[in-house]
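Chemist:
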């Protein structure tokens with residue numbers, strides 16, 4: 044799998060600073076940094092690993108770009124949703140998560156809303172990712188930003204938070220939805 048190796052050099056932040064950046068541009072830029080013989084092809088096992096371990100980086104982004112531009116086909120099941128929770132953003136930066144949710148309509152409308160239905164566990168849950176990320180780089184910060192700019196519907200986020208609280212999630216993980224509701 045082609046990871047964001049180039050982000051370690053600040054390339055990703057340079058790209059995201061360009062307001063005209065598109066998903067296609069991001070994919071082209073990422074492809075410039077893929078090794079000639081990529082030793083880690085994206086497979087179902089890649090998604091399963093991301094759903095169980097928190098890489099603290101945006102490793103989900105190349106996977107999603109491969110779906111959009113390279114014909115990769117993956118089931119968008121609970122495991123996929125947890126992989127997105129785990130690796131759509133980074134521990135210290137939220138720009139890529141917000142960029143992807145702004146620009147990838149299908150990801151936003153057909154996968155994002157499922158974060159309110161899938162509890163997670165172990166290292167991967169909204170509560171855990173936010174607990175161990177910088178406050179401004181967590182999922183809550185991203186959702187608040189996207190609501191305030193109008194990308195996400197505030198009423199729908201509020202409703203989904205309340206619905207999540209009826210799902211009998213553990214108190215630790217349910218706390219994320221309660222805090223999100225209060226923040227809105």
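In the working numbering, the protein residues as written are 44 to 227. Beta carbons are placed, not taken as given, at the ideal position from N, Cα and C, and that holds for glycine. Given the structure is predicted, the values throughout are model-derived calculations rather than measurements.
Classify residue 163: buried if its beta carbon has 16 or more other beta carbons within 10 angstroms, exposed otherwise.
Modeler: By the 10 Å Cβ count, residue 163 comes out buried.
Chemist: Do residue 104 and residue 139 have their CB atoms nearer than 8 Å?
Modeler: Cβ atoms of residue 104 and residue 139: closer than 8 Å.
Chemist: Would you call residue 192 buried or exposed, if buried means 16 or more other Cβ atoms sit within 10 Å of its Cβ?
Modeler: That one is exposed.
Chemist: Just checking, does the region 170-188 make contact with the region 117-132 on the three C-beta pairs under 8 Å criterion?
Modeler: Enough Cβ pairs lie closer than 8 Å, so yes.
Chemist: With 16 other CB atoms within 10 Å as the buried threshold, where does residue 168 fall?
Modeler: That one is buried.
Chemist: Just the C-alpha distance for residue 46 and residue 102, rounded to the nearest angstrom, thanks.
Modeler: Low confidence applies to residue 46: its pLDDT is 49, below 50, so where it sits in the model is not reliable enough to give any reading.
Chemist: Can you tell me whether residue 89 is buried or exposed, with buried defined as 16 or more other CB within 10 angstroms of its CB?
Modeler: Label assigned to residue 89: buried.
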